[in-house]
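Step one of this worksheet: look at the structure below.
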Amino acid sequence: QCITAQKFIDLWLGRCHCSFHRHQNDRLASRFIHLVIKNRNHENMLKKILPIFSYFFHPLFIPLLAIVFYFLVSTHSLTTTEQLLVYTQGIIFTIILPVLCFLFLKSINAIDSVMLPILSQRKIPLLIQAILFLVLLTQGNMFIYIPGLYYFFLGCFISTLAALLLVLLEVKASLHMVGISSLVAFCIAMSVYTQRNLLVEISILFLLNGFVGSSRLYMKAHTPKELIVGFLVGFLPQLLLVPFIFLQNIK
Numbered sequence: 047q048c049i050t051a052q053k054f055i056d057l058w059l060g061r062c063h064c065s066f067h068r069h070q071n072d073r074l075a076s077r078f079i080h081l082v083i084k085n086r087n088h089e090n091m092l093k094k095i096l097p098i099f100s101y102f103f104h105p106l107f108i109p110l111l112a113i114v115f116y117f118l119v120s121t122h123s124l125t126t127t128e129q130l131l132v133y134t135q136g137i138i139f140t141i142i143l144p145v146l147c148f149l150f151l152k153s154i155n156a157i158d159s160v161m162l163p164i165l166s167q168r169k170i171p172l173l174i175q176a177i178l179f180l181v182l183l184t185q186g187n188m189f190i191y192i193p194g195l196y197y198f199f200l201g202c203f204i205s206t207l208a209a210l211l212l213v214l215l216e217v218k219a220s221l222h223m224v225g226i227s228s229l230v231a232f233c234i235a236m237s238v239y240t241q242r243n244l245l246v247e248i249s250i251l252f253l254l255n256g257f258v259g260s261s262r263l264y265m266k267a268h269t270p271k272e273l274i275v276g277f278l279v280g281f282l283p284q285l286l287l288v289p290f291i292f293l294q295n296i297k
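Mapped onto my numbering, the consecutive letters of the sequence shown carry residue numbers 47 to 297.
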């Protein structure tokens with residue numbers, strides 16, 4: 047009877063032990079499934095959010111954002127009418143005319159998308175953009191009296207020529223990074239020029255720069271190297287022109 051009782055106890059303990067391990071395995075499996083579902087939800091969220099940065103901060107919109115930023119942080123003597131003229135010139139030469147050119151090029155199958163993913167299709171749009179910047183700089187007399195904006199557009203002109211040269215050398219640079227990095231550099235330049243503490247604005251723009259770069263990587267539009275090249279092409283010309291802003295102001 048003692049042996050029978052001992053066997054019963056051992057059998058009962060064994061079943062309890064198996065039940066305990068089975069319960070643990072069920073909990074681990076449930077937690078794993080929960081993590082998988084959570085990761086999939088995050089991926090779906092990224093798919094919806096990240097592309098927004100590529101479209102909202104498209105290079106075509108950067109000059110308009112720069113104009114808005116300039117009038118928000120700088121002290122100027124322009125009337126409301128003169129400011130509207132600046133906005134009108136900026137919108138016509140940096141958004142409306144480029145979009146019309148894009149639509150024409152797309153209609154004749156010269157380009158596939160406004161994002162210009164194919165390197166060979168960037169030559170004509172970049173050349174057109176460079177010409178429009180040049181016309182804006184030479185014919186838009188209002189910009190001559192606004193040194194900050196004038197040299198911002200001069201920096202954009204130089205960056206566009208640099209991007210075009212890289213295309214001819216068969217080197218691809220992220221035009222999104224060219225645009226957003228030029229805006230970051232412009233913010234830094236305006237902080238120096240106006241002697242205002244724009245650390246918060248600069249930090250936000252650097253954060254947006256990261257989001258735009260992540261967006262281009264997530265959409266598999268560029269490699270990290272192409273993002274770095276684009277950042278330098280947009281950032282350096284703006285900073286190199288900062289001393290000329292002061293010289294123009296002295297004159």
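Each residue gets a CB set at the ideal place from its N, CA and C atoms; glycine is no exception.
For the pair M223 and G280, the Cα-to-Cα distance works out to about 7 angstroms. Between the alpha carbons of T127 and L253 lies a gap of roughly 34 angstroms. Within the region 184-253, complete alpha helix (DSSP H) segments of at least 4 residues are found at 193-214, 221-240, given in chain order.
Where T126 is concerned, the enclosing alpha helix (DSSP H) starts and stops at 126-137. Secondary structure note for S153: its alpha helix (DSSP H) is the uninterrupted segment 143-153. A residue is called buried once 16 or more other Cβ atoms fall within 10 Å of its Cβ, and F198 is buried on that count. With the rule of 3 Cβ pairs closer than 8 angstroms, the region 231-246 counts as touching the region 191-211. When DSSP states are grouped into helix, strand and coil, S166 belongs to the helix group. Pairing G201 with P283 gives a Cβ-Cβ distance under 8 angstroms. Contact between the region 204-219 and the region 237-248 is not established, with fewer than three Cβ pairs separated by less than 8 angstroms. Within the model, the alpha-carbon separation for S220 versus M161 is close to 10 angstroms. The beta carbon of I170 sits closer than 7 angstroms to the beta carbons of L151, A156 from its chain, once the five residues preceding and following it are set aside; these are given in chain order.
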